[in-house]
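Report on one structure; see the data block that follows.
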Amino acid sequence: MSSKLKVGALISGRGSNLQALIRAASADDFPAEIVLVISNVVDAQGLKHAERAGIATAVIDHKGYQSRESFDAQIDERLRQAGAELICLAGFMRILSDDFVRKWEGHVINIHPSLLPAFKGTHVHEQVIAAGAKSSGCTVHYVIPELDSGPIIAQAEVPVLAGDTPETLAARVLETEHKLYPMALRWIAEGRVRLEKGQVVFGGR
Ligand code: GRF
Numbered sequence: 028m029s030s031k032l033k034v035g036a037l038i039s040g041r042g043s044n045l046q047a048l049i050r051a052a053s054a055d056d057f058p059a060e061i062v063l064v065i066s067n068v069v070d071a072q073g074l075k076h077a078e079r080a081g082i083a084t085a086v087i088d089h090k091g092y093q094s095r096e097s098f099d100a101q102i103d104e105r106l107r108q109a110g111a112e113l114i115c116l117a118g119f120m121r122i123l124s125d126d127f128v129r130k131w132e133g134h135v136i137n138i139h140p141s142l143l144p145a146f147k148g149t150h151v152h153e154q155v156i157a158a159g160a161k162s163s164g165c166t167v168h169y170v171i172p173e174l175d176s177g178p179i180i181a182q183a184e185v186p187v188l189a190g191d192t193p194e195t196l197a198a199r200v201l202e203t204e205h206k207l208y209p210m211a212l213r214w215i216a217e218g219r220v221r222l223e224k225g226q227v228v229f230g231g232r
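Structure below.
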């Protein structure tokens, strides 16, 4: 029997972070395995990465649900059926309900393309450039009900260069995302990071 941490990933689009996680998890010695990928968008490109890797996928279209809670309940059920122990949000463009987040507290992580707490929300690279910031980066954090505000697990910094556009900056940040997210997942799966009483704790069990 596999003792790897079972991960469910939620996506909405391109899925390049998902692909980075899949690639990392394909190594025999990686301590986590992706057991299910759920997309709320029917034709999300990321679904293809999962299918190619032989990972189970599900489309749960939020438009088919009356409320955020009923949509989240369906996600919750599918993740539990798949035996997921940790949820990785990877470009998932829906806000999860407080109830869902509380139920999974300490077991949902997200990657955000800025050095949080700076530049939360959307259009992040536009915000960074408009603010004249000299550096940016990405953050992996535990998810709490407040958007992009959860305890930080890891960050990587990149410079903002003169002449950067949101696209050139996004590409530079994305490269670091693809390294940081698998690294953070490894730490969690190895028990080197966990959430205790709302705080990130580093160190062995
Ligand atoms: C990434 O920049 C991630 O930080 C943010 O959404 C984007 C998703 O990109 N949360 P991809 O779908 O992983 O390629």
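The sequence shown: position 166 = 193 (the numbering used here), numbered continuously. Think of the CB as a built atom: it goes at the ideal place given N, C-alpha and C, for glycine as much as any other residue. Every value quoted in this text rests on a predicted model; they were computed, and no experiment measured them.
Query, Result
"Proximity test, Ser30 beta-carbon vs the ligand GRF heavy atom, cut-off 7 Å", "no"
"Where Val69 falls, given that 16 or more other Cβ within 10 Å makes a residue buried", "exposed"
"Cys115 beta carbon near the ligand GRF (any heavy atom closer than 7 Å)", "no"
"Buried or exposed by the 16-neighbour rule on C-beta atoms within 10 Å, applied to Gly81", "exposed"
"Trp214 versus Val128 - alpha carbon distance", "21 Å"
"Touch test, the segment 56 to 65 against the segment 30 to 43, Cβ-Cβ under 8 Å, three pairs minimum", "yes"
"Through-space distance from Gly159 to Arg86, alpha-carbon basis", "A quick correction: the sequence has Val, not Arg, at residue 86. About 39 Å."
"Contact under 8 Å by Cβ, Leu233 with Val167", "Because residue 233 is not part of the residues shown, which for the chain are 28 to 232, the question remains open."
"Cβ pair Leu48, Tyr208 closer than 8 Å", "yes"
"With 16 other Cβ atoms within 10 Å as the buried cut-off, status of Gly164", "buried"
"Contact test: Ile38 Cβ vs the ligand GRF heavy atom, cutoff 7 Å", "yes"
"Start and end residues, beta strand (DSSP E) containing Gln154", "Not the beta strand (DSSP E): Gln154 falls in the alpha helix (DSSP H), residues 151 to 158."
"C-beta contact flag for Val135 and Leu116 at 8 Å", "yes"
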